[in-house]
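Single-structure report; data block below.
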Amino acid sequence: MNYKRSKILLLVSVLTLVGCNFSQSTVAKPPQQDLQTKLSVVPTHSNTSDSATPLTYKIETYNSQVMGASRTYGVSLPPAYDENPKQSYPVIFLLHGGHGNPTDWFIQNKGQALKTVEKLYSKGKLPPSIIITPDGNDKRGSSPHRDPEYIDGPNGKVSTAVGDELVKVVQSRYRTLNNPDFWAIGGLSSGGWGAMNVGLHNLDHFSILFSHSGYFHDKSGPLNSPITYIKTIPLQTQKKLRIYLDSGTSDIEEIDEAQNFSQVLNKLKVYNLFRQFPGSHTWKYWREHLSDSLTFVGEQFRVSEIAHRTKHLGSAPLGKSKVKS
Numbered sequence: 080m081n082y083k084r085s086k087i088l089l090l091v092s093v094l095t096l097v098g099c100n101f102s103q104s105t106v107a108k109p110p111q112q113d114l115q116t117k118l119s120v121v122p123t124h125s126n127t128s129d130s131a132t133p134l135t136y137k138i139e140t141y142n143s144q145v146m147g148a149s150r151t152y153g154v155s156l157p158p159a160y161d162e163n164p165k166q167s168y169p170v171i172f173l174l175h176g177g178h179g180n181p182t183d184w185f186i187q188n189k190g191q192a193l194k195t196v197e198k199l200y201s202k203g204k205l206p207p208s209i210i211i212t213p214d215g216n217d218k219r220g221s222s223p224h225r226d227p228e229y230i231d232g233p234n235g236k237v238s239t240a241v242g243d244e245l246v247k248v249v250q251s252r253y254r255t256l257n258n259p260d261f262w263a264i265g266g267l268s269s270g271g272w273g274a275m276n277v278g279l280h281n282l283d284h285f286s287i288l289f290s291h292s293g294y295f296h297d298k299s300g301p302l303n304s305p306i307t308y309i310k311t312i313p314l315q316t317q318k319k320l321r322i323y324l325d326s327g328t329s330d331i332e333e334i335d336e337a338q339n340f341s342q343v344l345n346k347l348k349v350y351n352l353f354r355q356f357p358g359s360h361t362w363k364y365w366r367e368h369l370s371d372s373l374t375f376v377g378e379q380f381r382v383s384e385i386a387h388r389t390k391h392l393g394s395a396p397l398g399k400s401k402v403k404s
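Under the working numbering, the sequence shown has 188 at position 109, and the numbering climbs by one with no breaks.
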């Protein structure tokens with residue numbers, strides 16, 4: 080057996096092992112897209128010295144031409160980001176829900192996301208990534224009496240602001256892997272719907288979507304209702320999607336929405352994973368199960384990397400790349 084063939088068999092074996100981690104509710108093999116960018120390597124998980132330093136976040140500001148105002152976002156950079164200037168990273172957007180803001184996923188009494196991310200890094204379940212928490216509020220601002228509108232509508236083009244403009248801001252400010260196979264967007268409650276809606280309208284930037292306790296019909300109509308809108312997306316584009324859904328068993332309406340959406344995805348043969356857990360529409364539930372969605376995201380990043388390496392096997396030695404790992 081020649082060396083090149085043995086490398087191919089090794090990659091196939093790794094893909095098989097990764098695939099075994101998925102639930103039987105998935106409906107198709109993870110897509111292996113025709114990647115057009117240079118060969119990139121997803122960074123390895125943090126070493127012991129990196130993990131000893133807790134992750135931090137900042138709130139940053141940018142001028143939004145789309146919204147006609149200054150906007151903010153939260154960002155947490157991977158361990159040793161500054162020490163590895165040639166390394167580029169995957170990106171994960173986390174959207175807040177109703178009456179929320181960019182700090183929600185980070186702060187102690189709500190998301191505590193960085194604790195979850197640190198654990199996943201240390202276990203190798205999520206490669207070091209750039210975590211972004213956008214401001215999802217429209218021009219009306221935040222209110223306990225209504226959900227944010229993650230749409231391009233009369234109160235602002237929020238879908239474009241988050242799914243395109245902010246993506247380009249992040250790409251210009253940080254070292255990102257710019258192929259959509261290495262970009263994920265997810266959220267909770269109305270942010271779970273928002274992640275699906277923004278993601279499906281910006282598939283040139285995102286291919287991995289996830290939702291906790293989200294809904295998939297919107298009052299503005301089918302254009303912003305993922306359960307309907309996804310049927311209008313070209314088949315070849317649908318095949319590139321990887322989608323994770325979960326809801327608490329006490330969240331009756333949301334669990335019905337997720338089940339129905341998963342059934343539509345199954346009929347379309349869109350790769351998806353739907354899970355139910357004990358719990359309700361609370362931060363306790365979302366804190367506990369962020370690790371499940373981000374583990375799914377980490378698996379997709381690794382599968383995309385392996386597919387990318389397999390495609391470029393003849394042009395670059397296994398384990399070598401243009402990017403320092």
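No residue lacks a Cβ here, since even glycine has one placed at the ideal position from N, Cα and C.
From residue i to residue j, what does the alpha carbon distance come to, in whole angstroms?
i: Ala159; j: Gln166; result: 10 Å
i: Asp335; j: Leu256; result: 35 Å
i: Pro233; j: Thr132; result: 44 Å
i: Trp365; j: His387; result: 32 Å
i: Tyr308; j: Ile230; result: 13 Å
i: Asp30; j: Leu352; result: Residue 30 is absent from the structure shown; the chain starts at 80 and stops at 404.
i: Val277; j: Pro157; result: 24 Å
i: Asn281; j: His360; result: 27 Å
i: Glu378; j: Phe261; result: 11 Å
i: Tyr136; j: Ile209; result: 10 Å
i: Val241; j: Asn142; result: 13 Å
i: Phe375; j: Tyr323; result: 7 Å
i: Val343; j: Phe295; result: 11 Å
i: Glu197; j: Ala274; result: 23 Å
i: Val249; j: Asn188; result: 27 Å
i: Thr116; j: Phe285; result: Legend: pLDDT at Thr116 = 41, less than 50; position of this residue unreliable, value from coordinates given subsequently. Cα to Cα, the separation comes out at about 15 Å.
i: Leu134; j: Val246; result: 22 Å
i: Thr389; j: Ser299; result: 43 Å
i: Thr140; j: Asp161; result: 21 Å
i: Asn339; j: Leu373; result: 22 Å
i: Phe185; j: Ile211; result: 10 Å
i: Ser341; j: Ala263; result: 18 Å
i: Pro223; j: Trp362; result: 16 Å
i: Ala337; j: Arg354; result: 9 Å
i: Pro164; j: Asp283; result: 26 Å
i: Thr151; j: Leu279; result: 23 Å
i: Ile306; j: Arg219; result: 26 Å
i: Ser201; j: Gly147; result: 41 Å
Assuming residue i and residue j make a contact with CB atoms under 8 Å, what is their CB distance in whole Å?
i: His178; j: Ser221; result: 6 Å
i: Ser290; j: Gly265; result: 6 Å
i: Pro357; j: Thr328; result: 6 Å
i: Arg321; j: Ile287; result: 5 Å
i: Leu199; j: Leu193; result: No, Leu199 and Leu193 are not in contact; Cβ-Cβ is about 11 Å, not under 8 Å.
i: Val121; j: Glu333; result: Their Cβ separation, rounded to whole angstroms, is 32 Å, which puts Val121 and Glu333 out of contact at 8 Å.
i: His73; j: Gly270; result: The chain is shown from 80 up to 404; residue 73 falls before or after that span and cannot be answered.
i: Ile171; j: Gly153; result: The Cβ separation is near 12 Å, so there is no contact.
i: Leu267; j: Ser292; result: 6 Å
i: Trp272; j: Asp297; result: 7 Å
i: Lys236; j: Val145; result: 5 Å
Please classify residue i as buried or exposed, where buried requires at least 16 neighbouring CB atoms within 10 angstroms.
i: Thr195; result: buried
i: Gln317; result: buried
i: Pro301; result: exposed
i: Leu173; result: buried
i: Arg381; result: buried
i: Ser251; result: exposed
i: Lys346; result: exposed
i: Asp325; result: buried
i: Ser304; result: buried
i: Asp226; result: buried
i: Pro259; result: buried
i: Pro169; result: buried
i: Gly203; result: exposed
i: Pro207; result: buried
i: Asp330; result: buried
i: Lys319; result: buried
i: Glu228; result: buried
i: Gly190; result: buried
Within the 8 Å Cβ cut-off, does residue i reach chain B?
i: Tyr294; result: Note that chain B does not occur in the displayed structure, where there is just one protein chain.
Is any heavy atom in the ligand ZN found nearer than 7 Å to the beta carbon of residue i?
i: Ser143; result: In terms of ligand content, the structure shown is empty, and the ligand ZN therefore cannot be addressed.
* Asked: Curious, which full-length alpha helix (DSSP H) runs of at least 4 residues does the stretch 113-199 contain?
  -> 127-130
* Kindly provide the ranges of any alpha helix (DSSP H) runs that are 4 or more residues long and lie completely inside the stretch 235-261, ordered along the chain. => Taking only runs of at least 4 residues, the alpha helix (DSSP H) segments lying wholly in the stretch 235-261 are 245-252.
* Can you give, in chain order, each stretch of the alpha helix (DSSP H) that sits fully within the stretch 262-287 and has at least 4 residues? -> 269-279
* **Whole alpha helix (DSSP H) elements within the stretch 283-337, 4-residue minimum** => As far as the stretch 283-337 is concerned, its whole alpha helix (DSSP H) runs of at least 4 residues are 305-308 and 314-317.
* Would you say the stretch 206-218 touches the stretch 178-191, given that touching needs at least three Cβ pairs under 8 Å? -> yes
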